[in-house]
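*Asks:* As you go down the protein sequences, you meet chains A and B in turn. Sequence positions in the first sequence follow the working numbering and run 1 to 90. Sequence positions in the second sequence follow the working numbering and run 91 to 561. Heads up, the beta-carbon is just placed ideally off N, CA and C, and yes, glycines get one too. My questions will all concern the structure given below.
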Amino acid sequence: MQSNCAPLMLKTRYIPSFMLGLLLLSLAGEQPLKAYADPGSGAMFVQIALAGIIGCLFRVRSVFNRFRRRKQGQETAEFFPKGGLTRSSK
Amino acid sequence: MSTALAPLERSFRDPGGFVFSSGARIFRAVEPAAFELLQDFLASPPAREFTAAGQLVTTFVPDSSEVVSEFPANYHLVEHQRIEFSSFPAEWPIEMLAAAGFLTLDLAEKSLPHGWRLKDATPYNVLFRGPAPVFVDLLSFERRDAQDSLWPAYAQFVRTFLLPLLVHHASPSSPALLWLAHRDGVHPEEAYRSLSWSRRLTTPGLTLASFPTWFAARAEAQASLYRPRSTDPEVAAFTLRTMFRGLRRQLGRLSSYPRKSSHWSNYLDTQTHYSAEQFAAKESFVAAVLSEFHPRRMLDIGANTGHFSELAARGGASVVAIDSDTAAVGRLWLRASEKKLDILPLVVDFCRPTPAVGWRNRESPSFLDRARSGFDLVLMLAVVHHMLVSERVPLDEILALAAELTTDLLLIEFVEPGDPMFRRLVRGRDALYAHLTASYFEAACARSFQILRKQPIAQSRRTLYLLRRKS
Chain A
1 MQSNCAPLML KTRYIPSFML GLLLLSLAGE QPLKAYADPG SGAMFVQIAL AGIIGCLFRV
61 RSVFNRFRRR KQGQETAEFF PKGGLTRSSK
Chain B
91 MSTALAPLER SFRDPGGFVF SSGARIFRAV EPAAFELLQD FLASPPAREF TAAGQLVTTF
151 VPDSSEVVSE FPANYHLVEH QRIEFSSFPA EWPIEMLAAA GFLTLDLAEK SLPHGWRLKD
211 ATPYNVLFRG PAPVFVDLLS FERRDAQDSL WPAYAQFVRT FLLPLLVHHA SPSSPALLWL
271 AHRDGVHPEE AYRSLSWSRR LTTPGLTLAS FPTWFAARAE AQASLYRPRS TDPEVAAFTL
331 RTMFRGLRRQ LGRLSSYPRK SSHWSNYLDT QTHYSAEQFA AKESFVAAVL SEFHPRRMLD
391 IGANTGHFSE LAARGGASVV AIDSDTAAVG RLWLRASEKK LDILPLVVDF CRPTPAVGWR
451 NRESPSFLDR ARSGFDLVLM LAVVHHMLVS ERVPLDEILA LAAELTTDLL LIEFVEPGDP
511 MFRRLVRGRD ALYAHLTASY FEAACARSFQ ILRKQPIAQS RRTLYLLRRK S
């Protein structure tokens with residue numbers, strides 16, 4: 001019984017990947033004529049997508065950093081009041 | 091002084107200039123706009139840094155009195171330091187291809203903050219000086235638009251560095267199989283077809299082969315695919331830096347996959363046909379020749395893991411070491427790089443040497459055209475019986491070709507048909523080789539060479555000969 005199930009279990013591991021593959025294949029259009037196929041178009045597409053993602057991450061990080069700096073600035077202002085630290089006179 | 095220049099026809103693709111050789115010197119004629127750019131680049135910090143490190147070919151403007159007239163009058167001339175022996179990706183093990191890729195990425199990345207970029211990224215921009223890669227195509231550098239977040243050479247880098255490595259790991263083969271058939275590396279669609287489903291759906295196969303294949307048709311349908319894209323300069327620089335880091339990570343991962351040892355790569359480790367004493371005798375004979383004759387340039391045919399190449403390199407020789415076993419050559423390159431030995435290891439089958447390829451069969455000259463009369467010592471240790479039996483090349487032919495390669499000495503090991511390794515190759519066809527006696531071998535040598543010395547290896551059927559080419 002166990003020996004019959006093992007191959008099935010092995011195959012089910014690949015189902016999500018297989019479905020992802022089918023989904024992505026369905027996005028692809030007709031194949032161009034090989035003689036006129038551009039060997040760099042797919043990679044260019046991937047590069048544009050990657051550049052977009054990296055650019056978005058950069059902007060998110062910039063906003064986050066600005067927010068963090070402002071918060072740190074507020075905390076600093078509370079810790080070091082305006083006018084600087086003065087020695088209290090007795 | 092006017093010198094006759096011969097065009098190196100592999101350099102015609104770039105409209106910005108072309109390469110000439112004049113005797114032993116290498117010149118590049120550059121059209122005016124490209125020359126201005128080249129001068130700016132050579133004065134830039136990354137160019138100075140890479141030239142000082144020997145990673146960018148040394149370039150200078152020659153004395154005008156030496157300049158010749160056989161190029162368009164308005165062109166400018168620069169001279170490059172000569173790389174002694176040109177080699178091509180069809181002769182590189184994957185370790186050398188990866189090293190050329192790392193150098194390309196280093197240059198692209200370090201040029202970025204100084205406003206430069208590489209307009210192409212192909213292994214043909216790189217040659218090897220010993221085991222060290224040197225970037226030679228200086229016209230590949232152009233000014234970068236600070237707002238452009240894309241690298242125009244990205245797809246070419248993937249095709250010519252990453253996908254060949256990926257395909258090699260999926261199905262290891264000789265580099266010649268790929269590069270003699272394809273100038274432009276492996277297209278994503280070809281790589282995709284050669285990968286198993288599991289490799290197609292995991293990185294790096296997913297990003298390098300599968301996504302580009304799946305999206306190729308969709309991308310081609312978009313007329314705007316190659317339109318310039320502008321973004322904030324800070325974002326553009328960050329994007330490119332991140333992309334280079336990603337490419338470097340993928341290149342590192344693909345070039346450090348676990349290597350399977352090949353039949354020949356363990357040859358010296360597992361040898362059973364020499365006793366320790368016999369091997370020591372062979373080594374001392376070679377060492378004595380090296381120390382007495384001090385060869386300047388040596389060709390080691392059938393170098394295997396390069397034990398004798400290393401001996402010669404340590405003695406001051408500049409060595410080209412060839413073997414048909416990709417894994418053995420890869421191991422030799424790693425050792426030569428680590429120990430900084432002047433050894434250029436190449437995957438070349440001496441019985442089927444790299445042919446001339448490319449446009450008019452002249453873009454990459456054949457191995458023999460590059461090697462002919464290029465060495466003052468040629469080493470052929472324990473290889474002649476393979477050529478005689480496995481490749482069925484007659485002894486006279488082998489010696490005649492050796493005489494074309496060396497300008498002076500040939501150190502050759504004769505293995506008699508009674509030797510156990512010879513008998514393994516013969517597989518019962520003993521009658522075909524019954525005439526191969528020591529006297530027959532010496533008579534054949536005497537046609538092109540003078541026998542300087544000979545030393546039988548004790549308790550074996552092998553003899554070492556040092557021959558001098560007859561003038």
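Residues of chain B with a CB under 7 angstroms from the CB of valine 60 of chain A: which are they?
*Replies:* Chain B residues near valine 60 of chain A: none, gap ~12 angstroms exceeds 7 angstroms.
*Asks:* If you measure between the beta carbons of phenylalanine 247 of chain B and phenylalanine 131 of chain B, is that distance less than 8 angstroms?
*Replies:* No; because the gap between Cβ atoms is not below 8 angstroms, this pair is not in contact.
*Asks:* How would you label leucine 267 of chain B, buried or exposed, when you count the other beta carbons within 10 angstroms and need 16 or more for buried?
*Replies:* Exposed.
*Asks:* My output table needs one value for glycine 107 of chain B: the three-state DSSP class, helix, strand or coil.
*Replies:* Here glycine 107 of chain B sits in strand by DSSP.
*Asks:* By DSSP's criteria, glutamate 169 of chain B is part of a beta bridge. Which residues make up the other side?
*Replies:* Partner(s): B/Phe117, B/Phe150.
*Asks:* Going by DSSP, name the residue or residues bridged to threonine 553 of chain B.
*Replies:* Paired residue(s): B/Phe504, B/Pro546.
*Asks:* Taking all protein chains shown into account, do 16 or more other C-beta atoms lie within 10 angstroms of the C-beta of aspartate 238 of chain B, making it buried, or fewer, making it exposed?
*Replies:* By the neighbour-count rule (16 or more Cβ atoms within 10 Å), aspartate 238 of chain B is buried.
*Asks:* Out of curiosity, what's the CA-to-CA distance linking serine 427 of chain B and asparagine 394 of chain B?
*Replies:* Spanning the two alpha carbons is a distance of roughly 16 angstroms.
*Asks:* Three Cβ pairs or more, each shorter than 8 angstroms: is that satisfied between the region 475 to 487 of chain B and the region 455 to 462 of chain B?
*Replies:* Result no; under three Cβ-Cβ pairs closer than 8 angstroms.
*Asks:* Please check the pair tyrosine 530 of chain B and lysine 544 of chain B, which I expect to be a contact at CB under 8 angstroms, by giving their CB distance rounded to whole angstroms.
*Replies:* Incorrect: roughly 14 angstroms between the Cβ atoms, too far for contact.
*Asks:* Please confirm if valine 46 of chain A has its CB atom under 8 angstroms from at least one CB of chain B.
*Replies:* Taking Cβ atoms only, chain B reaches closer than 8 angstroms to valine 46 of chain A, which makes this a yes.
*Asks:* Counting only Cβ pairs nearer than 8 angstroms, list the residues of chain A close to valine 325 of chain B.
*Replies:* Per Cβ cutoff of 8 angstroms: Gly55, Phe58, Arg59.
*Asks:* Please report the residue range of the alpha helix (DSSP H) in which arginine 452 of chain B lies.
*Replies:* Neither: arginine 452 of chain B is in no alpha helix (DSSP H) and is coded neither H nor E.
*Asks:* When the Cα of leucine 499 of chain B is compared with those of B/Leu489, B/Glu506, B/Leu195, B/Val505, which residue comes out closest?
*Replies:* When only C-alpha atoms are compared, the closest one is B/Leu489.
*Asks:* Considering only the beta carbon of each residue, do tryptophan 206 of chain B and methionine 333 of chain B sit closer than 8 angstroms?
*Replies:* Going by C-beta atoms, tryptophan 206 of chain B is not nearer than 8 angstroms to methionine 333 of chain B.
*Asks:* Short check: CB of valine 474 of chain B to CB of valine 438 of chain B, under 8 angstroms?
*Replies:* No. Outside cutoff.
*Asks:* Going by CA-CA distance only, name the one from B/Pro213, B/Tyr282, B/Pro294, B/Tyr316 that's closest to glycine 275 of chain B.
*Replies:* Checking every option, the nearest Cα to that of glycine 275 of chain B belongs to B/Pro213.
*Asks:* Is valine 447 of chain B helix, strand or coil when you go by DSSP?
*Replies:* In this structure, valine 447 of chain B counts as strand in the three-state DSSP scheme.
*Asks:* So for threonine 496 of chain B, helix, strand or coil by DSSP?
*Replies:* Of the three classes helix, strand and coil, the one that applies to threonine 496 of chain B here is strand, per DSSP.
*Asks:* Considering only the beta carbon of each residue, do arginine 273 of chain B and tyrosine 282 of chain B sit closer than 8 angstroms?
*Replies:* No, these two residues do not count as a Cβ contact at 8 angstroms.
*Asks:* Among B/Val226, B/Lys209, B/Leu471, B/Gln145, which one has its Cα closest to the Cα of arginine 234 of chain B?
*Replies:* Residue B/Lys209 is the option with its Cα nearest to arginine 234 of chain B.
*Asks:* Output the distance between the C-alpha atoms of threonine 141 of chain B and tyrosine 244 of chain B, rounded to the nearest integer angstrom.
*Replies:* Using only the alpha carbons, I get a separation of about 24 angstroms.
*Asks:* I'd like to know if proline 278 of chain B contacts chain A, where contact means its C-beta is closer than 8 angstroms to some C-beta of that chain.
*Replies:* At least one chain A Cβ lies under 8 angstroms of proline 278 of chain B.
*Asks:* I'd like to know whether the C-beta of glutamine 340 of chain B is nearer than 8 angstroms to at least one C-beta of chain A.
*Replies:* No, glutamine 340 of chain B lies away from the interface with chain A (no Cβ there is under 8 angstroms from its Cβ).
*Asks:* At what residues does the beta strand (DSSP E) containing serine 463 of chain B begin and finish?
*Replies:* Serine 463 of chain B -> no beta strand (DSSP E), and no H or E assigned at all.
*Asks:* Within 10 angstroms of the Cβ of glutamine 340 of chain B, are there 16 or more other Cβ atoms? Answer buried if so, exposed if not.
*Replies:* With 16 or more other Cβ atoms within 10 Å, it is buried.
*Asks:* Contact criterion: CB-CB distance below 8 angstroms. Does alanine 260 of chain B meet it with respect to chain E?
*Replies:* The displayed structure is made up of protein chains A and B, and chain E is not among them.
*Asks:* Report the three-state DSSP secondary structure of serine 92 of chain B (helix, strand or coil).
*Replies:* Any reading at serine 92 of chain B must be qualified, since the residue scores a pLDDT of 49, below 50, and its modelled position is unreliable; the value itself is stated next. Here serine 92 of chain B sits in coil by DSSP.
*Asks:* Let me check understanding here. Comparing Cα to Cα, which of B/Met477, B/Leu424, B/Ser463 lies closest to arginine 442 of chain B?
*Replies:* The shortest Cα separation from arginine 442 of chain B among B/Met477, B/Leu424, B/Ser463 belongs to B/Met477.
*Asks:* Where does the unbroken beta strand (DSSP E) through alanine 411 of chain B begin, and where does it stop?
*Replies:* It spans 408 to 413 - the beta strand (DSSP E) in which alanine 411 of chain B sits, taken as one unbroken run.
*Asks:* Taking the beta carbon of cysteine 56 of chain A as the centre, do at least 16 other beta carbons fall within 10 Å, making it buried, or is it exposed?
*Replies:* Its Cβ having fewer than 16 others within 10 Å, cysteine 56 of chain A is exposed.
*Asks:* Apply the 10 Å Cβ neighbour rule to threonine 527 of chain B and answer buried if 16 or more other Cβ atoms are within range, or exposed otherwise.
*Replies:* Counting Cβ neighbours within 10 Å, threonine 527 of chain B comes out exposed, since fewer than 16 surround it.
*Asks:* Is there a C-beta anywhere in chain A that falls below 8 angstroms from the one on alanine 309 of chain B?
*Replies:* Yes, its Cβ sits closer than 8 angstroms to a Cβ of chain A.
*Asks:* Considering only their Cβ atoms, is the gap separating methionine 388 of chain B from leucine 491 of chain B smaller than 8 angstroms?
*Replies:* No.
*Asks:* Just checking: is the beta-carbon of proline 546 of chain B within a distance shorter than 8 angstroms of some beta-carbon in chain A?
*Replies:* Chain A contact via Cβ: absent.
*Asks:* By a C-beta neighbour count over all protein chains shown, 10 Å radius and 16 as the cutoff for buried, is glutamate 400 of chain B buried or exposed?
*Replies:* Its Cβ being crowded by 16 or more others within 10 Å, glutamate 400 of chain B is buried.
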